[in-house]
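Student:
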Amino acid sequence: MTLNRRNFLGTGAFAAATLAAPMVRAASHGKPKVVVVGGGAGGATAARYIAKDSNGEIDVTLIEPTRMYYTCFFSNLYIGGFRELSSIGHSYGKLASEYGINVVHDWAIGVDRDAKTVSLAGGAKVPYDRLILSPGIDFVDGAVPGWDLSTQTKMPHAYKAGTQSELLKDQIMAMPEGGTYVMVAPPNPYRCPPGPYERVSMVAHVLKETNPTAKILIADPKDKFSKQALFEEGWQKHYGGMIERLGPDFGGGNVSVNADTMEVNIDGEIVKADVCNVIPAQKAGAICDAAALTEGNWAPVDGHNMQSRMDENIYILGDSSNQGDMPKSGYSANSQAKVAAMAVRGSLTGSRVFPAKYSNTCWSLIATDDGVKVGASYEPTDEKIASVSSFVSQTGEDADMRKRTYEESIGWYAGITSDMFG
Amino acid sequence: MKTRIFAILLALAPPGATLAQEDAQLIGDAERGEQLFRQCSGCHQIGPGAENRAGPHLNGIFGRRAGSIEGFDYSKGLERAFQDNMVWNIQRLNLYLENPRSLVSGTRMAFRGLKKQQDRDDVLAYLRSYTASPQDIPESAPTARKREVDLPPEVLEIVGDRDYGEYLASECVTCHQTSGMDEGIPSITRWYPEDFVIAMHAYKQKMRPHPVMQMMAGRLSDEEIAALAAYFADLEE
Ligand SMILES: Cc1cc2nc3c(=O)[nH]c(=O)nc-3n(C[C@H](O)[C@H](O)[C@H](O)COP(=O)(O)OP(=O)(O)OC[C@H]3O[C@@H](n4cnc5c(N)ncnc54)[C@H](O)[C@@H]3O)c2cc1C
């Protein structure tokens, strides 16, 4: 489609709706209020863009319990010894001081969609004209029998970064010589499709250096996984004989664990683990359920603007959303946040709204200077966000290209984190 | 090219200039420097007809006072260097090429730097060939860049919608930094709009190889590319 000024605004049902209802005023007759729940890849970006682009016309409140956000992206590189934990921690200082966002460190525990308020664990009720939810993931109860949040210290998931990443790394470093690291991989759909396999690469990298006779075992419920050929080629090349993966054919989908004995039961066979990294099945952040915005495990949204299909005043970003073809990644959440920020501003202040475009690229590190990537671009249809074109690194690429790919990922990390936090 | 310039220098050299000729030859391999200079050519032009783009043209750079080109909008850092009467000599250019910000803090030249001395020498040799005597040599090859892709004039003439460019750019700045930092991912701020348009079309036509950029550019219309070019052209840090 060729775009010009005439048809920017005419495309899609949403743009029409925006034109029909501009300049909404807050119930309090003050500035319109946007509340964002979750200060991660989706929420921090959305809050920043709305505050930055609305020139003070919109009040933005960001609700986020933690003072320091540790990115899951690059947390595997921390495990592999390529990054310090402190280098993946980001504070909300600039969002408050430079962008005038009201950052509230608390948990959102409920949403009253009629009264349009969010209630916080601390007791406050925060009113909104538009609400953006980007709470990331929670785990499906009972997904891995024997595992629940009370066992996450013994069998860390490290699928939310920070303390969990530190814990997992400490356990890996303390493995006995020749010990066994077991990963219980999640079923689709889950946060960061290549994440578990990048992690295996990084664990192999440290073990090769510190404990070369150690073994890695993956119990995987999926037939195939993201960048499989690239990872398998890399494992063969760098970590020959160290990594074994049991797919569903070999019982990889039938797993239970016992955190007291550190045993993993894979389809009837007991494996004794020195480190057991359980990444359970996932669902939308619990606040989405609490607000009755989910269908099954995820929260359905309109791909034109990330608006909840159940409430036109609420937008849901990132991992929690059921949007279509985009993977659950930080890049996707950031991309969706910009579309939502534009739509929210348009609906509150009548600012220009352009058609949505989305993209994603996920880089993974396999070994020192050996980076690979996969990506795609997306456009909304009435049913979903649909993939329109994609690319993936090739097997057998030369070392120079792999090194450049890794360097690119470092540039991307710097880019996306400044896009989130200013 | 190196040998030719050296030969011509010899022919033109006044008596007693042997030392200077040797120095000139010793700088590096200008032909290789020309290849390396491609990294710079997104922002800098050199050679006959060279104009200021995101960076000033580099003709006559040896011996030029820093920040001295009339009409070019220098960064505060280079304005300071001008006030300090800094002159570009080989040592300073060498340092600047290694890490622009270590020589001129606050420069807009967000270039990661050439870490290898050999690379810097070769680029310096290339730059040198457009300063002082070599620039007067008629045989000196013209080096004004050729366009990578041929675009119809109406595509180059589209005036980009900057607001739309700002929205579209939000997709670029997931990776490219608005500060113009150039690490792992190149800087795209303050490009001369035509260069930006040509580069994006070169990706779109798959003349440039990078898959992410081919994908990104691939779905942009001519108007959208022009809008992005308009936005990034005057983006301030
Ligand atoms: C090991 C690993 C590697 C990864 N690598 C990459 C990568 O290389 N590239 C990439 O693009 N993506 C990567 N990802 C995925 C990426 O981290 C997520 O997809 C992304 O963070 C999702 O963004 P989000 O905004 O949905 O959630 P998050 O970034 O998780 O943000 C959610 C925020 O909401 C807060 N929150 C939750 N509930 C509440 C509540 N009730 N009240 C208030 N606040 C709340 C949380 O504290 C959190 O800060 C990786 C993930 C993992 C686990």
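Heads up: the sequence lines are chains D and Y, in that order. Number 564 marks the last residue of the first sequence (my numbering); no jumps. Number 266 marks the last residue of the second sequence (my numbering); no jumps. Glycine included, each C-beta is placed from N, C-alpha and C at the ideal position. Source: prediction; values computed, not measured.
(1) For my contact list, residue 180 of chain D and residue 478 of chain D are in at a C-beta cut-off of 8 Å; report their separation, rounded to the angstrom.
(2) Quick one: which chain D residues come within Cβ less than 7 Å of residue 205 of chain Y?
(3) Mapping DSSP to helix, strand and coil, what is residue 551 of chain D?
(4) Just mark residue 256 of chain D as buried or exposed, buried being the case when its beta carbon has 16 or more other beta carbons within 10 Å.
(5) Go ahead and label residue 18 of chain Y buried or exposed: buried means 16 or more other beta carbons lie within 10 angstroms of its beta carbon, across all protein chains shown.
(6) Kindly say whether residue 191 of chain D, judged by its beta-carbon, lies nearer than 9 Å to any beta-carbon of chain Y.
(7) Using a Cβ-Cβ cut-off of 6 Å (strictly less than) and excluding sequence neighbours within five positions of residue 190 of chain Y, which residues of its own chain qualify?
(8) If you count every other CB in all the chains shown that lies within 10 Å of the CB of residue 96 of chain D, and 16 or more means buried, which is it?
(9) Looking at residue 246 of chain D: is its Cβ nearer than 9 Å to the Cβ of residue 206 of chain D?
(10) Determine which residues share a DSSP beta bridge with residue 505 of chain D and list them.
(11) Answer yes or no: does any C-beta atom of chain Y fall closer than 9 Å to that of residue 163 of chain D?
(12) Cα-Cα, which of D/176, D/182 and D/177 is closest to residue 474 of chain D?
(13) Is it true that the CB of residue 248 of chain D sits closer than 9 Å to the CB of residue 258 of chain D?
(14) Measure the alpha-carbon distance for residue 50 of chain Y versus residue 60 of chain Y and round it to whole angstroms.
(15) According to the neighbour-count rule (16 or more other Cβ atoms, all chains shown, within 10 Å of its Cβ), is residue 356 of chain D buried or exposed?
(16) Which chain Y residues are close to residue 553 of chain D, counting only those with a beta carbon under 9 Å from its beta carbon?
(17) Looking at chain Y, which residues of the stretch 476–494 of chain D have a Cβ within less than 8 Å of any of its Cβ atoms?
(18) For residue 499 of chain D, count neighbouring Cβ atoms within 10 angstroms of its own Cβ and tell me buried if that reaches 16, exposed if not.
(19) Whose C-beta lies closer than 6 Å to the C-beta of residue 334 of chain D among residues of the same chain, with five residues either side of it excluded?
(20) Just to confirm before moving on: does the CB-CB distance between residue 485 of chain D and residue 455 of chain D stay below 9 Å?
(21) Return yes when the C-beta of residue 461 of chain D is under 8 Å from any heavy atom of ligand 1, and no when it is not.
(22) Quick one: is the Cβ of residue 340 of chain D within less than 8 Å of any heavy atom of ligand 1?
(23) Does the contact criterion of 3 or more C-beta pairs under 8 Å hold for the stretch 360–373 of chain D versus the stretch 234–246 of chain D?
(24) Counting only beta-carbon separations shorter than 9 Å, does residue 470 of chain D have a partner in chain Y?
(25) Less than 8 Å separating the Cβ of residue 200 of chain Y from some heavy atom of ligand 1?
(26) Could you check what DSSP says for residue 449 of chain D in three-state terms: helix, strand or coil?
(27) Hey, residue 105 of chain D and residue 351 of chain D: beta-carbon distance below 9 Å or not?
(28) For a cutoff of 9 Å on Cβ pairs, would you count residue 280 of chain D as touching chain Y?
(29) Using a Cβ-Cβ cutoff of 9 Å, what residues of the stretch 181–194 of chain Y are near chain D? List them in chain order.
(30) Would you be able to state if there are at least three C-beta pairs under 8 Å between the stretch 489–497 of chain D and the stretch 242–250 of chain Y?
(31) Shortest alpha-carbon distance to residue 389 of chain D belongs to which of D/326, D/519 and D/177?
(32) From residue 197 of chain Y to residue 560 of chain D, what distance separates their C-alpha atoms?
(33) Between residue 138 of chain Y and chain D, is the shortest Cβ-Cβ distance under 9 Å, so that the two count as touching?
(34) Taking 9 Å as the cut-off, decide whether the C-beta atoms of residue 183 of chain Y and residue 553 of chain D are in contact.
(35) What in chain D is Cβ-close to residue 94 of chain Y, meaning under 8 Å?
(36) Under 8 Å from any heavy atom of ligand 1, does the C-beta of residue 333 of chain D make it?
Tutor: According to the structure shown:
(1) Between residue 478 of chain D and residue 180 of chain D the Cβ distance is about 13 Å, and since that is not below 8 Å, they are no contact.
(2) Those within 7 Å of residue 205 of chain Y in chain D are 557.
(3) Residue state, collapsed to three classes: helix.
(4) Exposed, by the Cβ-count rule.
(5) Since the first and last residues shown for chain Y are 30 and 266, residue 18 of chain Y lies out of range.
(6) Output row for residue 191 of chain D: interface = yes.
(7) Closer than 6 Å at the Cβ level, and outside the excluded window around residue 190 of chain Y, lie 256.
(8) Only positions 143 to 564 of chain D appear in the structure, and residue 96 of chain D is not among them; the question remains open.
(9) Pairing residue 246 of chain D with residue 206 of chain D gives a Cβ-Cβ distance under 9 Å.
(10) Paired residues: D/515.
(11) Legend: pLDDT at residue 163 of chain D = 45, less than 50; position of this residue unreliable, no value from coordinates given.
(12) Residue D/182 is the option with its Cα nearest to residue 474 of chain D.
(13) No, the Cβ-Cβ distance between residue 258 of chain D and residue 248 of chain D is not below 9 Å.
(14) In this prediction, residue 50 of chain Y has a pLDDT of 36, which is less than 50 and means its spatial position is unreliable; what the coordinates show is noted afterwards. Per the coordinates, the alpha-carbon of residue 50 of chain Y lies some 17 Å from the alpha-carbon of residue 60 of chain Y.
(15) By the neighbour-count rule (16 or more Cβ atoms within 10 Å), residue 356 of chain D is buried.
(16) Within chain Y, the residues near residue 553 of chain D are 204, 205, 206, 210, 211, 212, 213, 214 and 215.
(17) Look at the stretch 476–494 of chain D: the residues with a C-beta under 8 Å from a C-beta of chain Y are 476, 477, 480, 484 and 494.
(18) Answer is buried; the Cβ neighbour count reaches 16.
(19) Taken in chain order, the residues that qualify are 471.
(20) No, they are not a contact pair.
(21) Taking 8 Å as the cut-off, one finds at least one heavy atom of ligand 1 near enough to the beta carbon of residue 461 of chain D.
(22) Flag set: Cβ of residue 340 of chain D near ligand 1.
(23) Between the stretch 360–373 of chain D and the stretch 234–246 of chain D there are fewer than three inter-stretch CB-CB distances shorter than 8 Å, so the stretches are not counted as touching.
(24) Output row for residue 470 of chain D: interface = no.
(25) Checking the Cβ of residue 200 of chain Y against ligand 1 gives no.
(26) Three-state result, residue 449 of chain D: strand.
(27) Nothing can be reported for residue 105 of chain D, as the shown portion of chain D is limited to 143 through 564.
(28) Answer no: the Cβ-Cβ gap between residue 280 of chain D and chain Y never drops below 9 Å.
(29) Per Cβ criterion, the list reads 190, 192 and 193.
(30) Touching, no, given that fewer than three Cβ pairs across the two stretches are closer than 8 Å.
(31) Minimum Cα distance to residue 389 of chain D is reached at D/326.
(32) In a straight line, the C-alpha of residue 197 of chain Y is about 17 Å away from that of residue 560 of chain D.
(33) Nearest CB-CB separation between residue 138 of chain Y and chain D: not below the 9 Å threshold.
(34) No.
(35) By Cβ distance, chain D contributes nothing, its closest Cβ being about 34 Å from residue 94 of chain Y, past 8 Å.
(36) For residue 333 of chain D, the shortest separation between its Cβ and any heavy atom of ligand 1 lies below 8 Å.
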